[in-house]
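Remarks on the structure that follows.
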Amino acid sequence: MAKHAEAVKVDYDNWCRCCAFYEFDDNRGILCGITREKPAFGAECATFEYDANRDRKSSTTAVKSRIKNNRKKMFGVALFWAAFSANLIIFTVTLMVSGIALAIMALGAFLYLRWKLQEIRLAATVHTRDMLEKN
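Heads up: the sequence shown is residues 121 to 255, going by our numbering.
Right, here's the structure in full:
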């Protein structure tokens, strides 16, 4: 079964990726497809079988890994923009309510001053008329 006869210093990552039984688990890492355990062989694996399609599989695994990482990044970006938008809406509504309240207070002060000015003008007109009638 073992076609790779020469003894090699074991680099499980590179060695096992060439094997037809290579599996990868997100939680446990590299696994042997036969034993469902992490590789623990010495110089060479007794069940190693070279996989001719390894380039295609490794590129597929790399694409899947990139998609998974991009999903995590996209979730973070979406979460950031959701929080940012919520804060922006809350800030805008608060600012609008404060602005409307300030405008109402300013209108009240304007109307009060206008009424007082009319009262002063009326009093001045009455006073002037009384002065003219006395003379």
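Ideal Cβ positions, reconstructed from N, Cα and C, are used throughout, including at glycine.
Fair warning: this is a prediction, and the values are worked out from it, not measured in the lab.
| Item | Value |
| --- | --- |
| Buried or exposed for Phe168, going by 16 or more other Cβ atoms inside 10 Å? | buried |
| In whole angstroms, what is the alpha-carbon distance linking Ala127 and Phe161? | For Ala127, the pLDDT reaches just 48, beneath the cut-off of 50, and the residue's location in the model is therefore unreliable, leaving the point undetermined. |
| For Ile150, name the three-state secondary structure that DSSP assigns. | strand |
| Could you give the C-beta distance for Tyr142 and Gly149, rounded to a whole number, given that I count them as a contact under 8 Å? | With a Cβ gap of about 11 Å, Tyr142 and Gly149 do not count as contacting. |
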